[in-house]
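Chains as they are written, first to last, in the numbering used here: chain A, 1 to 133; chain B, 1001 to 1093.
Virtual Cβ for every residue (Gly too), placed ideally from N, Cα, C.
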């Protein structure tokens, strides 16, 4: 289960829509299953099919998170024309088994946001709980 | 000269759970080698078998990616901070 303040859920979806038709990406800061901040990042791949989080944006997010006593606990990216489910590329390149992998799909009329854990190539969906705070 | 090396969450288990460690060295290469000596599980996750930086890792000296400096030959100075970050990428196919 991943707890995310509604404001960050809204920011992730808005970021995905703003970057369309390119894939959008960002990092989530927090502790354990609690998201405390969303960091938009540039997609260095500038592609509708792949994303690469800009390393400098990652460094800034990491410093901010550590400065707040939290850590980077996951990554968000969008799928512009496919479902909100990790692709083989996402699974192959998942950097951290403890991270949360949030996907926003823009395939349908309304955006769909889902979160997953990826451990040793296995994908497990986790529920996303919106927090109003 | 001991330099602070900040580790991403994915590498901390190999460093006894520490978020940052202090390692002796005069260049990035020396520091990564010393880091590998202190924490054997870290070495092959940062440096490839051919001795170059692993392509799935980004190493920063303060605010600069060492690939755009002198790579492993980049010299470090007192007070510098090295950050190791995994490359984060994926896609829809």
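Contacts of residue i in chain B (Cβ-Cβ under 9 Å)
i, result
"residue 111(A)", "Result: empty, since nearest Cβ-Cβ is about 15 Å, beyond 9 Å."
"residue 34(A)", "By Cβ distance, chain B contributes nothing, its closest Cβ being about 15 Å from residue 34(A), past 9 Å."
"residue 49(A)", "1091, 1092, 1093"
Span of the beta strand (DSSP E), counted from its first residue to its last, around residue i
i, result
"residue 104(A)", "100-105"
"residue 186(A)", "Because chain A here runs from 1 to 133, residue 186(A) falls outside it and cannot be looked at."
"residue 1006(B)", "1002-1006"
"residue 52(A)", "50-52"
Residue i in three-state terms, based on DSSP
i, result
"residue 80(A)", "coil"
"residue 43(A)", "strand"
"residue 1063(B)", "coil"
"residue 1058(B)", "strand"
"residue 1033(B)", "helix"
"residue 1086(B)", "strand"
"residue 1078(B)", "coil"
"residue 132(A)", "coil"
"residue 20(A)", "coil"
"residue 11(A)", "helix"
"residue 1072(B)", "helix"
"residue 1051(B)", "coil"
"residue 1091(B)", "strand"
Listed by chain order, chain A residues near residue i by CB distance under 7 Å
i, result
"residue 1085(B)", "55, 58, 59, 62"
Closer than 8 Å at the beta carbon, the chain B residues around residue i
i, result
"residue 52(A)", "1087, 1088, 1089"
Beta-carbon proximity check, residue i vs residue j, cutoff 9 Å
i, j, result
"residue 77(A)", "residue 106(A)", "no"
"residue 8(A)", "residue 35(A)", "yes"
"residue 100(A)", "residue 1092(B)", "no"
"residue 1082(B)", "residue 1008(B)", "no"
"residue 40(A)", "residue 64(A)", "no"
"residue 1053(B)", "residue 1042(B)", "no"
"residue 123(A)", "residue 89(A)", "no"
"residue 1047(B)", "residue 1032(B)", "yes"
"residue 4(A)", "residue 128(A)", "yes"
Residue i: contacting residues in chain B (beta-carbon distance under 7 Å)
i, result
"residue 75(A)", "1088"
"residue 82(A)", "1092"
Limits of the unbroken alpha helix (DSSP H) element including residue i
i, result
"residue 56(A)", "55-67"
"residue 1021(B)", "Careful: residue 1021(B) lies outside any alpha helix (DSSP H), inside the beta strand (DSSP E) at 1020-1024."
"residue 89(A)", "88-92"
"residue 1009(B)", "1009-1012"
"residue 1040(B)", "1040-1046"
DSSP beta-bridge partners of residue i
i, result
"residue 34(A)", "3(A), 31(A)"
"residue 71(A)", "30(A)"
"residue 123(A)", "118(A)"
Per-residue contacts from residue i into chain A (C-beta, under 8 Å)
i, result
"residue 1009(B)", "71, 72, 73, 96, 98, 99"
"residue 1044(B)", "The premise fails here: residue 1044(B) is roughly 15 Å from chain A at the closest Cβ pair, so nothing lies under 8 Å."
Residue i CB to nearest heavy atom of the ligand GTP below 8 Å
i, result
"residue 87(A)", "Looking for the ligand GTP in the displayed structure turns up nothing, as the structure carries no ligands at all."
Partner residues on chain A for residue i, Cβ-Cβ distance less than 9 Å
i, result
"residue 1060(B)", "55, 56, 59"
"residue 1065(B)", "55, 56, 59"
Residue-chain proximity (residue i, chain D), Cβ-Cβ < 9 Å
i, result
"residue 126(A)", "This model lacks chain D altogether, as its protein chains are A and B."
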